[in-house]
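Below is one structure, written out as structure tokens; the observations come after it.
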Amino acid sequence: MLYALLDFDTATAFVDEFVAMPINASAIIWIVTANEIEDIPEPIVSRLAVFEVPPPDRAQARHIVQRQFKRIKGAARFRPLTDEIIDRLAGLTPRRIGSELRAAMGRAARRAALSGHQVAVVRSEDLGPLPHSARPIGFVAPGLVAGTQRKGERP
Numbered sequence: 195m196l197y198a199l200l201d202f203d204t205a206t207a208f209v210d211e212f213v214a215m216p217i218n219a220s221a222i223i224w225i226v227t228a229n230e231i232e233d234i235p236e237p238i239v240s241r242l243a244v245f246e247v248p249p250p251d252r253a254q255a256r257h258i259v260q261r262q263f264k265r266i267k268g269a270a271r272f273r274p275l276t277d278e279i280i281d282r283l284a285g286l287t288p289r290r291i292g293s294e295l296r297a298a299m300g301r302a303a304r305r306a307a308l309s310g311h312q313v314a315v316v317r318s319e320d321l322g323p324l325p326h327s328a329r330p331i332g333f334v335a336p337g338l339v340a341g342t343q344r345k346g347e348r349p
């Protein structure tokens, strides 16, 4: 079905199986994203304009950290992030930067509130242990996760 929608000639009179009536889908602009283009079948890739977006360099990553900090902070009172904190977060993906920042800022805000301070400060210890590189997503073999061993298997 996707092949027919991506091809201009067949998209002009596309018949959906559920609706069972032809529609002109030729004016639809499709945006497809993927982490690995190799995982997309060649007949689909051949119907797309492919744009590769490189990961951010160090300066861009530092800027992403500072922009996310500003966005998450909103009107809350925080001291600016130190270069150490920015550098530690800059090695992560933008999504992970946001989640780590939210957690660290929450810890810092809690500490400030409990100690009666008006302004929170994100410290190095507010960041948990950060990975040096992303771990691939996939299945874990039985026995590698606590409690998943089958009876009679050795760890």
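If you use the working numbering, the sequence shown closes out at 349, no skipped numbers anywhere.
All C-beta atoms, glycine included, are put in the ideal place defined by N, C-alpha and C.
Computed from a predicted structure; not experimentally measured.
Secondary structure at residue i, three-state DSSP: helix, strand or coil?
{"i": "Pro216", "result": "strand"}
{"i": "Ala314", "result": "strand"}
{"i": "Phe202", "result": "helix"}
{"i": "Arg301", "result": "helix"}
{"i": "Val239", "result": "helix"}
Taking the alpha carbon of residue i as the reference point, which residue from the options has its own alpha carbon closest?
{"i": "Pro220", "options": "Glu211, Thr227, Thr206 and Lys267", "result": "For clarity, residue 220 is Ser in the given sequence; the question names Pro instead. The candidate whose alpha carbon is nearest that of Ser220 is Thr206."}
{"i": "Pro288", "options": "Met195, Gln262, Ile266 and Ala303", "result": "Gln262"}
{"i": "Ile222", "options": "Arg304, Ala255, Asp201 and Leu308", "result": "Asp201"}
{"i": "Arg271", "options": "Ser240, Asp277, Ser293 and Gly300", "result": "Gly300"}
{"i": "Glu278", "options": "Arg241, Val226 and Glu319", "result": "Glu319"}
{"i": "Leu286", "options": "Arg256, Val247, Ile234 and Asn229", "result": "Arg256"}
{"i": "Asn218", "options": "Asp203, Asn229 and Thr227", "result": "Asp203"}
{"i": "Ala269", "options": "Leu308, Ile280, Ala303 and Val226", "result": "Ala303"}
{"i": "Leu295", "options": "Glu236, Arg241 and Lys264", "result": "Lys264"}
By Cβ distance, which residues of its chain are closer than 6 Å to residue i, with the 5 residues on each side in sequence left out?
{"i": "Val209", "result": "Pro216"}
{"i": "Ile234", "result": "Ala228"}
{"i": "Ser309", "result": "none"}
How long is the line joining the alpha carbons of residue i and residue j, rounded to whole angstroms?
{"i": "Ile322", "j": "Leu283", "result": "Checking the displayed sequence, the identity of residue 322 turns out to be Gly instead of Ile. One C-alpha to the other measures close to 11 Å."}
{"i": "His311", "j": "Arg317", "result": "15 Å"}
{"i": "Arg273", "j": "Pro249", "result": "28 Å"}
{"i": "Ile266", "j": "Glu211", "result": "44 Å"}
{"i": "Phe245", "j": "Leu275", "result": "34 Å"}
{"i": "Ala243", "j": "Ile231", "result": "12 Å"}
{"i": "Ala214", "j": "Trp224", "result": "22 Å"}
{"i": "Val313", "j": "Val247", "result": "38 Å"}
{"i": "Ile280", "j": "Ala198", "result": "47 Å"}
Among the residues of its own chain, which have a CB less than 7 Å from the CB of residue i, if the five just before and after it don't count?
{"i": "Arg252", "result": "Ala284"}
{"i": "Ile291", "result": "Ile258, Val259, Gln262 and Leu283"}
{"i": "Val226", "result": "Leu242"}
Among the residues of its own chain, which have a CB less than 8 Å from the CB of residue i, if the five just before and after it don't count?
{"i": "Leu196", "result": "Ile238"}
- [ ] Tell me the start and end of each unbroken alpha helix (DSSP H) in the region 244 to 288 that is at least 4 residues and wholly inside, in chain order.
- [x] 252 to 267 and 277 to 284
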